[in-house]
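Protein chains in written order, with our numbering: chain L, 1 to 480; chain G, 1001 to 1480; chain R, 2001 to 2480. Think of the CB as a built atom: it goes at the ideal place given N, C-alpha and C, for glycine as much as any other residue. Values in this document were obtained by computation on a predicted structure and should not be read as measured data.
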Amino acid sequence: MERFVQVIPFVTTLWKIIRSECRLENLHVLEPSRRIEAEAGYTELWDENEEALTCAGSAFTRHVIRRNGLFLPSYSNSAELMYVVQGRGLYGVTMPGCPETYQSDESQFRGRQGTSEREGVKRFFGDRHQKVREIREGDIVAQIPGTAFWIHNKGQSDLVLISIIYTSNEQNQLDQNIRKFFLAGNPQEGSQGGRRHRTRGSQQETKYGNVFQGFDDELLQETFEVESDLSRKVKGEDDRRGHIVEVREELHIVHPMIEEGEGWEERERERERERGSSRRRGSSSQRQNGAEETLCTMRLRENIDNPERADYYNPRAGRITTLNSFSLPILSFLQLSAEKGVLYKDAVVAPSYYMNSHALIYVLRGNARVQIAGDNGQSVFDGKLQENQVLVVPQNFVVIKKAGSEGFEWVAFRTSDNAMKNNLAGRLSVIRGLPEDVLVNSYGISRDDARKLKYNREELTVFSPSSRSARGLRRDDAAN
Amino acid sequence: MERFVQVIPFVTTLWKIIRSECRLENLHVLEPSRRIEAEAGYTELWDENEEALTCAGSAFTRHVIRRNGLFLPSYSNSAELMYVVQGRGLYGVTMPGCPETYQSDESQFRGRQGTSEREGVKRFFGDRHQKVREIREGDIVAQIPGTAFWIHNKGQSDLVLISIIYTSNEQNQLDQNIRKFFLAGNPQEGSQGGRRHRTRGSQQETKYGNVFQGFDDELLQETFEVESDLSRKVKGEDDRRGHIVEVREELHIVHPMIEEGEGWEERERERERERGSSRRRGSSSQRQNGAEETLCTMRLRENIDNPERADYYNPRAGRITTLNSFSLPILSFLQLSAEKGVLYKDAVVAPSYYMNSHALIYVLRGNARVQIAGDNGQSVFDGKLQENQVLVVPQNFVVIKKAGSEGFEWVAFRTSDNAMKNNLAGRLSVIRGLPEDVLVNSYGISRDDARKLKYNREELTVFSPSSRSARGLRRDDAAN
Amino acid sequence: MERFVQVIPFVTTLWKIIRSECRLENLHVLEPSRRIEAEAGYTELWDENEEALTCAGSAFTRHVIRRNGLFLPSYSNSAELMYVVQGRGLYGVTMPGCPETYQSDESQFRGRQGTSEREGVKRFFGDRHQKVREIREGDIVAQIPGTAFWIHNKGQSDLVLISIIYTSNEQNQLDQNIRKFFLAGNPQEGSQGGRRHRTRGSQQETKYGNVFQGFDDELLQETFEVESDLSRKVKGEDDRRGHIVEVREELHIVHPMIEEGEGWEERERERERERGSSRRRGSSSQRQNGAEETLCTMRLRENIDNPERADYYNPRAGRITTLNSFSLPILSFLQLSAEKGVLYKDAVVAPSYYMNSHALIYVLRGNARVQIAGDNGQSVFDGKLQENQVLVVPQNFVVIKKAGSEGFEWVAFRTSDNAMKNNLAGRLSVIRGLPEDVLVNSYGISRDDARKLKYNREELTVFSPSSRSARGLRRDDAAN
């Protein structure tokens, strides 16, 4: 009989997973659990088997690309939203069916190597490739599932990116495992330490791999019409550099030089608006352009660091900048959006919940005391959140953030392209929307108290520290 | 070895659930399984672990709010469609970001309590809050997931509401458990008897709870800028009244007084049409209005009781009124729709199935004999359906309803905002659409018989009792 | 302890299914596993428990309807896309709420049997029924979930159809089992051999069945107002003919006679365009038409055999014709699309993957060597694909096809109405879109080699056999 009993807990564990229930009674801060090393950088991965991440249909990762590093071209089954924590670089995406619109003239390259040896095919032009974009600190970068991208660090310091990997994106028709397909190198060989990339279902250990390795040498030779030594290089079986390789000479990539300063993005958006309005003006002109104009020139990047862009701003408390599919249309395809927040010392973000999304908070700088309450009214999180930590706030769960003494800066990814937030205090809050008499009777309080609840906080979302803060909560900061 | 055998049935049960297969070989009528009592009313819940409900991604509930009762403000993760079975009341929703458009002047309230004690902030106005709607018998009320609502019984009799709780709504990104967040009171304490609210996965017992209880007193004080006695009232830990509380004095809530009679809804719709047409006239004027005009003024209620509104009407048999997203646009967001039906004595609803939804039938009055057939041609239900009972008709399953001697009145909730019904007999039926020669050969019958099948029933959906009814089926009624 | 160990593998199997993980490490060609016989034909079914099919949310089937055979009217919970492999026939669909627009005059039928015996109801017209369409070799036919259809072989040879049954279609709200509802006959009795239709969950054996058998004789009599002998015929309990019955006399079905040749489809599309443009011209005229004009006259069929229609054509290699929701709008409802391909001897389809769909390849003629690579870079399939075999290519997995010595002809069903393909070689490929310097550094190759990779293959998707083919791969063909 004891043997039977041994089976029970195992089966009970099974049961929990089967019902795909999210208990979420005890959330905790998440830190990277593995690191994949490569020649010119490394990738840190958060444990995808964490219940909070699984329930949010997401994974979390952080790439550090060192000076002159090149993150090899790859595509994956998941929508990805990246945030550039530090540095600057180049980001290239190859969209299916889009033309090579960036073209250099031959003089940029040495000699005439460009002339093909095949007879009849003479090429005097330089290189041609698809659009390349500059990225820099504060940029949100959208990554479409199934499209290949590469990243190059062209700055002086490390290029650091964090990203949410959203396997629940509706484009993904297979299971919830992250499937990453590299188009070059030999990623699993190059990594040191925990070099295997485990997937959500803890038994299955998928590995990063070069997809060309799945093909016959001869079939590849025929496909590319190249000799066997080159097809072997494509498969990269002897490559030891991992998934981030070092660029030996400076990368010559054609791309428009952008001016420093805040002006360039505005100009880009301006151009986009012009395209949009010219489309509206005459539908006939749209037809002549084909679909290239819309898909192939889609904006994939937007800076959310600029204080000028803040959506909520309180000079005594801080600011919040949001990015959704209204400001970056591709997000409607990814079903993701983002928020950048800065809180000054002791300031508070109003108790609030997202009606239609989860949120993954990543701490950029400083720390905060955070409390989260669930549907039973239970406290599911009450703790300090610090740099490089991730916290998942489940849909409809209420969260309060209070900055520590150095302030608090974060980026939050939300699993909806138009995340809707409901505040429970302050102007435009739910409490404000309720009639006084409903408050009086709901809480069993006086009319005067009801008015205090409704009107004492006149601020919106970002609250300045109150006199109470000085008295009450300073103790907590001291305690932590 | 016997021990091993003991595990098998357990694991087999597991297996069935794992595949999330819906066997549905044996449907039965469903009655409430639990009741949550409160000071001024109670809530009855149907067992969410019932296979038919689980397969329909739905739960079912019935609220009885007594005279002067107030259902406390709450929001949930599920779309809800309510039907007012009896009584009249007020219904308030607070939508995120919508302004407080209902405003009273001070003279309505006693004295000058409204003037805040905080210096510099003088308020001479009365109360301001979001839109409040009157509800009454026959109303369908849409409840958006994640928005808070409250209900007050301002009539003389009990206010009775039934509702489908649709956890499969695409807004819900978490599991299929119902998660209800109260903003006041102490719901779990106030209930007597089965006061716990079990969720779908039978092990997990979620409880109704006040979400503010998950936060620290001091953080709440700071958030609302109130004193500790008031923040404790907000958390309601000493509250013993449950989720429906009694209003001691009459509720003073600003809302337009509506005239009696059928006219008011037409006028409301008229106004909506005007808004719509003015929008169409000039898109520039729309932009000036912002999104408030569309979202914040969205119609959430529609009466489906008025016989004049019937979509199908047969003076000898009865009528059916449907409500879908064409008539109440918010339903497209909930992915739900409704149907109200009245059948006279012995009348029959044609054999029919919903192509794109399940249906949950709730009996308002009378009774009916109902038969349901599944995909193997098996009979999955054959029985009598009575007042306050619920029956789930799965998608594509064919159902016939025949009213008993007192007639039959029901409301059906469908899990699609535009449920499409296919009839198998009568005018506009599938049989009518088939060529005679296909019928002749399919059933191996004469051309004359094929014409009888196609044309004998000229009625549409609601069939009057035939002479056969007198002979054949009266026996059944006697037998039951 | 040994007993405990016995449970483990079982539970492990469970676990795998629970996580609904798709391992797909070892794909193989699929052949029909069962056959359901009937009087005038048979249906072959592929095993729905095959992991590759389950992961693609699909099942696969092949109908052979013999001369004068009639596939009985039925509807199902799944979207279906059929391809007519051989023969010609009639295809009838009855859409809910659509009028009977095909009408014959009485003189077509013998005598005056058409006049009903019921008093007062005289019918001098002939038959009236919904639209009937001709189908023939090379046609793709869309089948909407929940709508009844029938098929009649009016040609001289067998009518052969293959179809993908897509249970993951978003219209289906129940489980992933195929649920087929016949409206006539007694399908399970008529079949010989493996006459039961097993569903995805291997325990549950659903059977084909006549849905009317689930109802009481008397209720059916009342519903149709017919006598008991006719209602028994409708239930077909004594029917022994199965689901495909023989038509004894020629079927008299009103439908426009279509001329031979390629012209008729173009004309039909022309009419559709006219309807569309008249709609655009004035929105007032649209309102007068009601919804019938759009839904009831929706095009459900399109021929993809005509070489003239090829989307990709290479006179030295072959052609590919695609059909998506831009060319056949109903596909957006089914979330399916199709591709017809013809490869000449030794020609190659470029390595490619579908970004947003799976693909089910069915071989019509000839054979091919096929390789598929997965996300680890592993080879998940490397083999020969022959007539009447099915191969599933999972989303994002890369496939190369090389025709054998007799060439290769296939139809592929894709689980997206607008499947997007990414090529990894040739013009417009991902490799072409990458900057030379990225290739140089990714593969560790010279600039000249990078140019070879980008430019040696100037062809698009369909590649002619290269000189390498003669040397390298002929060996394989010999080996097989």
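- Residue 1361 of chain G is positioned such that its CB atom lies no closer than 9 Å to that of residue 1331 of chain G.
- Under the 9 Å criterion on CB atoms, residue 2208 of chain R is classed as non-interfacial with respect to chain L.
- Neighbourhood of residue 1371 of chain G in chain R, by CB distance below 9 Å: 2214, 2215, 2216 and 2219, in chain order.
- Annotation: Cβ neighbours of residue 1378 of chain G in chain R (cutoff 8 Å, chain order): 2209, 2213 and 2214.
- Here residue 139 of chain L carries a strand assignment [DSSP, helix/strand/coil].
- Within the same chain, Cβ atoms closer than 7 Å to the Cβ of residue 169 of chain L are found at 78, 79, 145, 334 and 335, the five residues on either side in sequence being excluded.
- A check of alpha carbon separations from residue 2097 of chain R across G/1425, G/1233 and G/1440 identifies G/1425 as the nearest.
- When rounded, the separation of the alpha-carbon atoms in residue 1387 of chain G and residue 1408 of chain G is 9 Å.
- For the segment 1415-1436 of chain G, the set of residues with a beta-carbon nearer than 9 Å to any beta-carbon of chain R comprises 1415, 1416, 1420, 1421, 1422, 1423, 1424, 1425, 1426, 1428, 1429, 1430, 1431, 1432, 1433, 1434, 1435 and 1436, in chain order.
- The alpha helix (DSSP H) runs of length 4 or more contained entirely in the segment 2319-2400 of chain R are, from start to end of the chain, 2331-2334.
- Chain-ordered, the chain L residues with CB closer than 7 Å to the CB of residue 2443 of chain R read 184, 233, 234 and 236.
- Straight through space, the alpha carbons of residue 2359 of chain R and residue 2140 of chain R are spaced by roughly 16 Å.
- Here residue 76 of chain L is buried. Its C-beta has 16 or more other C-beta atoms within 10 Å.
- Using a Cβ-Cβ distance cut-off of 8 Å, the segment 2059-2071 of chain R and the segment 2030-2042 of chain R are in contact, since at least three pairs of beta carbons, one from each stretch, lie closer than that value.
- Legend: CB atoms of the segment 2061-2077 of chain R lying less than 9 Å from CB atoms of chain G belong to residues 2070, 2072, 2073, 2075, 2076 and 2077.
- For residue 224 of chain L, the enclosing alpha helix (DSSP H) begins and ends at 217-224.
- For residue 1054 of chain G, the enclosing alpha helix (DSSP H) covers residues 1051-1055.
- R/2095 is the residue among R/2095, R/2161, R/2369 and R/2245 whose C-alpha sits nearest the C-alpha of residue 2296 of chain R.
- Assigned with DSSP and collapsed to three states, residue 2315 of chain R falls in coil, not helix or strand.
- Within chain L, the residues placing a beta-carbon under 8 Å from that of residue 1180 of chain G are 375, ordered along the chain.
- Using beta-carbon distances, residue 1248 of chain G counts as an interface residue toward chain L, with a partner under 9 Å.
- With respect to chain L, the C-beta atom of residue 1095 of chain G has a partner C-beta closer than 9 Å.
- In chain order, 30 place their CB closer than 7 Å to the CB of residue 50 of chain L, counting only its own chain and leaving out the 5 sequence neighbours on each side.
- Distance from the CA atom of residue 1353 of chain G to the CA atom of residue 1418 of chain G, rounded to whole angstroms, is 14 Å.
- Annotation: residue 253 of chain L is outside any alpha helix (DSSP H) and is labelled neither H nor E by DSSP.
- If you check each beta-carbon in the segment 390-418 of chain L against every beta-carbon of chain G, the ones closer than 9 Å belong to 394, 395, 396, 397, 398, 400, 402, 415 and 416.
- CA-CA distance, residue 1231 of chain G to residue 1246 of chain G, rounds to 21 Å.
- Legend: CB atoms of the segment 1451-1465 of chain G lying less than 9 Å from CB atoms of chain R belong to residues 1451, 1452, 1453, 1454, 1455, 1456, 1457, 1458, 1463 and 1465.
- A direct Cα-to-Cα measurement between residue 1036 of chain G and residue 2060 of chain R gives close to 49 Å.
- In terms of CA proximity to residue 349 of chain L, L/340 leads the group L/187, L/256, L/309 and L/340.
- Following the DSSP letters along the chain, one finds residue 1438 of chain G inside the alpha helix (DSSP H) bounded by residues 1436-1443.
- Ranked by how close their Cα comes to the Cα of residue 1256 of chain G, the residues G/1090, G/1052 and G/1027 have G/1090 in first place.
- Residue 2252 of chain R places its beta carbon 9 Å or farther from that of residue 1032 of chain G.
- Under the Cβ distance rule, residue 2150 of chain R counts among the residues neighbouring chain G, one pair being separated by less than 9 Å.
- Between residue 1370 of chain G and residue 1052 of chain G, the gap from beta carbon to beta carbon reaches 9 Å or more.
- Under the three-state reduction of DSSP, residue 1173 of chain G is assigned to coil, being neither helix nor strand.
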